[in-house]
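Below is one structure, written out as structure tokens, with a few remarks after it.
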Amino acid sequence: MAFLLLSYPERGAIWRRVFHEAGEDLWVGTDEVRDTAAVTHLACWQPPDLSAYPNLRVLLSVGAGVDHMPPLPPGVTLVRTVAPGIDRMVRDWVVMGTLMLHRDMPAYLDAARQGRWHQRPVRLAASRRVGIMGMGRIGRLAAETLAGLGFEVAGWSRSGTPVPGIGIHGAAGLDAFLARTDILICLLPLTDSTRSLLNAGLFAKLPQGAHLVHAGRGAQLDMAALSGALDAGRLASAMLDVTDPEPLPADHPAWADPRIVITPHVAANTDPEEGARHALAVLMAWRAGQTLPGLVDPEAGY
């Protein structure tokens, strides 16, 4: 049995130390692989040809995302990295984006570029209804933080699983959820059912002048529909950490649109030490025949 990490050298050095301190061996990079048939666990972001590892049992994404992973061979389990730092970093980005749109920062940034001093009305957080699509770990953490700031927060998930203190809408309640949402936050994973979900039809169900905070996956957002919703006034502004394509071409009109703020998929980066400790937890659970931490549920929110 061997655990292989495919990543950059700096991450490899930290993982090797953490594994060594736990009394575990770790191969870093393909040059260290002495026998591909010995590899049972593989951690990476962009996976290699998995057929080269005939006894692979667990594929671990070194990030929270897994939609970029290829179809897995029979008998291989997919696991995402679960690390408190990822959850908190994405929560911080979501809260930042929500507050920026709540306080009209895209309009102020545009005015500043033009050298204009233009004051806009200020609204209390309690007057703004936030809706979060995807009520996984990060969705719940963001909901808790935003509710603590005074926003009226509701969540949506296909399962409709209750979350203490937060009103949850299930699959059948999507229209009602959208109708009460002034700031829509997307934290959904990319699946067949969420691809292109943020489209003209969905935007039309939001209140006039709503806002979008998108930290899910780029392929969930129809960029042309976003532009149309902004031009029609259905949306007032948008904050994006993911786009389709990614990155956007330098001449894409979204870059120059003052109503859109784009960050280059930086809501979170996995802390290498946290990632290594999660990998060890996966290994220990696998040996014990227990449920693997981070086991992928394709319909769960982040």
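Everything in the sequence shown is counted per the numbering used here, starting at 1242 for the first residue and increasing by one.
Just so it is clear, CB atoms sit at the ideal spot from N, CA and C, and this is done for glycine as well.
These figures come from a predicted structure and were not determined experimentally.
Checklist entry - Counting only runs that start and end within the region 1390 to 1422, where is the beta strand (DSSP E) found for 3 or more residues in a row? => result 1393 to 1397 and 1408 to 1410
Next on the checklist: Count Cβ pairs between the region 1357 to 1367 and the region 1525 to 1535 that sit closer than 8 Å; are there 3 or more?
Outcome noted: no
Checklist entry - Using 8 Å as the Cβ pair cut-off and three pairs as the minimum, do the region 1514 to 1525 and the region 1337 to 1345 touch? => result no
Item to check | Counterpart residues of V1502 in DSSP-defined beta bridges | outcome: Counted from its first residue, the sequence shown places residue 1502 at position 261. DSSP, once it has assigned bridges, lists M1480 as partnering V1502.
Checklist entry - Leaving out the 5 sequence neighbours to the left and right, which residues in its chain are closer than 7 Å to P1403 when beta-carbon positions are compared? => result Residue mapping note: residue 1403 aligns to position 162 of the sequence shown, counting from 1. Closer than 7 Å at the Cβ level, and outside the excluded window around P1403, lie I1409.
Checklist entry - When every heavy atom of the ligand ZN is checked, does at least one fall within less than 6 Å of the C-beta of G1264? => result Looking for the ligand ZN in the displayed structure turns up nothing, as the structure carries no ligands at all.
Item to check | Three-state secondary structure assigned by DSSP to Y1543 | outcome: Here residue 1543 corresponds to residue number 302 of the sequence shown, with the count starting at 1. Because Y1543 carries a pLDDT of 47, less than 50, the predicted location of this residue cannot be relied on, and the following value inherits that uncertainty. Correct three-state label for Y1543: coil.
Checklist entry - Roughly how many angstroms lie between the CA atoms of G1311 and R1321, to the nearest whole one? => result Counting from one through the sequence shown, the residue named residue 1311 turns up at place 70. Counting from one through the sequence shown, the residue named residue 1321 turns up at place 80. According to the sequence provided, residue 1311 is Pro. The question's Gly does not apply to it. P1311 and R1321: Cα-Cα distance of roughly 14 Å.
Checklist entry - Using CA coordinates, which residue listed in G1264, K1446 and G1253 is at the minimum distance from C1285? => result For the purposes of this step, residue 1285 is taken as residue 44 along the sequence shown, with counting starting at 1. Of the candidates G1264, K1446 and G1253, the one whose C-alpha sits nearest the C-alpha of C1285 is G1253.
Checklist entry - Three or more beta-carbon pairs under 8 Å between the region 1360 to 1375 and the region 1418 to 1432, yes or no? => result yes
Checklist entry - According to DSSP, is V1507 helix, strand or coil? => result For this step, residue 1507 is matched to residue 266 along the sequence shown. Correct three-state label for V1507: coil.
Next on the checklist: Suppose only complete runs of 4+ residues qualify. What are the alpha helix (DSSP H) ranges in the region 1309 to 1390, listed by chain order?
Outcome noted: 1325 to 1343, 1346 to 1354 and 1378 to 1389
Next on the checklist: Among the candidates A1263, Q1287 and R1257, whose CA atom is the shortest distance from the CA of E1273?
Outcome noted: Here the question's residue 1273 lines up with position 32 in the sequence shown. Measuring from the Cα of E1273, the nearest candidate turns out to be R1257.
Checklist entry - I think L1313 touches L1301, with their Cβ atoms under 8 Å apart; what is that distance to the nearest whole Å? => result Residue numbering aside, residue 1313 sits at position 72 when the sequence shown is read from its first letter. Residue numbering aside, residue 1301 sits at position 60 when the sequence shown is read from its first letter. In fact, because the Cβ distance is near 12 Å, the residues do not count as touching under 8 Å.
Checklist entry - Where DSSP assigns a beta bridge to L1245, which residues make up the other side? => result The count along the sequence shown starts at 1 and reaches residue 1245 at position 4. Answer is W1268 and L1283.
Next on the checklist: For V1307, report the span of its beta strand (DSSP E) as first-last.
Outcome noted: Here residue 1307 refers to the residue found at position 66 of the sequence shown. Here V1307 belongs to no beta strand (DSSP E), and DSSP marks it neither H nor E.
Checklist entry - Under the three-state reduction of DSSP, which class applies to A1473: helix, strand or coil? => result Along the sequence shown, read from residue 1 onward, the residue named residue 1473 stands at position 232. Here A1473 sits in coil by DSSP.
Next on the checklist: At the level of alpha carbons, what is the spacing between L1350 and P1499?
Outcome noted: Position 109 of the sequence shown holds residue 1350. Position 258 of the sequence shown holds residue 1499. One C-alpha to the other measures close to 8 Å.
Checklist entry - Who are L1429's beta bridge partners in DSSP? => result As a first step, residue 1429 is located in the sequence shown; it is residue number 188 there, counting from the start. None, per the DSSP bridge assignment.
Item to check | Test item: CB-CB of T1484 and G1459 under 7 Å | outcome: Mapped onto the sequence shown, residue 1484 falls at position 243. Mapped onto the sequence shown, residue 1459 falls at position 218. It is a contact, given that the beta carbons lie within the stated cut-off.
Item to check | Test item: CB-CB of E1382 and R1344 under 7 Å | outcome: As a first step, residue 1382 is located in the sequence shown; it is residue number 141 there, counting from the start. As a first step, residue 1344 is located in the sequence shown; it is residue number 103 there, counting from the start. The sequence shown places Leu at residue 1382, not Glu. No; because the gap between Cβ atoms is not below 7 Å, this pair is not in contact.
Item to check | CA-to-CA distance, H1452 to L1467, given in whole angstroms | outcome: Against the sequence shown, residue 1467 aligns to sequence position 226. Against the sequence shown, residue 1452 aligns to sequence position 211. For L1467 and H1452, the distance between alpha carbons rounds to 11 Å.
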